[in-house]
Amino acid sequence: MQTVKSKWLAYTVLIGLFPIFSRFLVWLVTKEGSIEPFAPQDFIAFGLVLLISNINEIEHLVDADRSWKTAQNGISACLIAVHGVLLCLTLIGGDAVDRQAIMYCVAIIALASLGFSYTLFTRISNIDPTGLENAP
Amino acid sequence: MTRILVASNVVIALVALGFAVWSLVQTHKARRRQRGRSDAD
Chain A
340 MQTVKSKWLA
350 YTVLIGLFPI
360 FSRFLVWLVT
370 KEGSIEPFAP
380 QDFIAFGLVL
390 LISNINEIEH
400 LVDADRSWKT
410 AQNGISACLI
420 AVHGVLLCLT
430 LIGGDAVDRQ
440 AIMYCVAIIA
450 LASLGFSYTL
460 FTRISNIDPT
470 GLENAP
Chain B
30 MTRILVASNV
40 VIALVALGFA
50 VWSLVQTHKA
60 RRRQRGRSDA
70 D
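Chains A and B, in that order, are what the protein sequence lines are.
Read in order, the letters of the first sequence correspond to residues 340 to 475 in the working numbering.
Read in order, the letters of the second sequence correspond to residues 30 to 70 in the working numbering.
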């Protein structure tokens with residue numbers, strides 16, 4: 340079951356980080372000031388990829404504690420809602436919102452999503468296929 | 030307002046990470062229980 344975590348790292352985390360890497364690469368090869376090296380939307384995409392994969396993985400999990408699954412689903416849904424609010428804030432143009440503050444917020448939430456997703460996949464990779472873990 | 034936004038985000042992130050740590054501790058306990066059970070067998 341350790342492959343679950345490797346797959347999460349290879350498919351989910353790396354693919355989620357792809358927009359951040361690609362923007363950074365584009366920034367490296369363009370003239371100074373043409374684009375920003377980091378954008379909040381990329382971090383939001385990263386967080387959303389992680390959280391949606393959490394929900395998908397929990398849905399397909401049979402041998403796990405039901406209350407734990409419900410809590411994981413609930414927290415993932417709440418974090419998706421927070422990401423949605425932050426995405427709305429990034430869409431507001433002009434000086435209505437502080438871009439730097441939004442950047443801090445999305446970085447914090449994306450890191451929290453990464454930690455949350457890591458612990459979820461650690462638990463999934465440790466679940467005994469015989470279902471002994473669920474014994475009271 | 031900016032401070033409120035950042036502070037509320039920090040609180041949400043801390044709650045999520047707190048739950049993540051709790052989940053990790055539960056995983057560790059379950060693994061120890063399993064190991065103890067397999068040792069007893």
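Even for Gly, the Cβ is constructed at its ideal location relative to N, Cα and C.
Q) How many Å lie between asparagine 393 of chain A and serine 415 of chain A at the Cα? A) 7 angstroms
Q. So, using beta-carbon positions, are threonine 351 of chain A and valine 388 of chain A closer together than 8 angstroms?
A. yes
(Q) With a threshold of 8 angstroms, are at least 3 pairs of Cβ atoms found where one atom belongs to the stretch 420-431 of chain A and the other to the stretch 455-462 of chain A? (A) no
Q) Hey, would you say asparagine 465 of chain A sits closer than 8 angstroms to arginine 60 of chain B, going by beta carbons? A) yes
Q | leucine 302 of chain A versus phenylalanine 357 of chain A - alpha carbon distance | A | Outside the shown range of chain A (340 to 475) lies residue 302 of chain A, about which nothing can therefore be said.
Q) At which residue ranges does the stretch 369-398 of chain A contain complete alpha helix (DSSP H) runs of 4 or more residues, listed in the order of the chain? A) 379-398
Q: Output yes if chain A places a C-beta closer than 8 angstroms to the C-beta of alanine 42 of chain B; else output no.
A: yes
Q: Using beta-carbon positions only, say whether phenylalanine 455 of chain A and alanine 45 of chain B come within less than 8 angstroms of one another.
A: yes
Q: Compute the beta-carbon to beta-carbon distance between isoleucine 447 of chain A and leucine 425 of chain A, rounded to the nearest angstrom, for a pair I have assumed lies under 8 angstroms.
A: Not quite, the Cβ-Cβ distance comes to about 10 angstroms (not below 8 angstroms), so this is no contact.
Q | Buried versus exposed, by CB contacts within 10 Å (16 or more), valine 289 of chain A | A | The requested residue 289 of chain A does not occur in the structure, where chain A is confined to residues 340 to 475.
**Q.** Three-state class that DSSP yields for glycine 355 of chain A in the structure shown
**A.** helix
Q: Measure the C-alpha to C-alpha separation of glutamate 375 of chain A and isoleucine 441 of chain A and round it to an integer number of angstroms.
A: 14 angstroms
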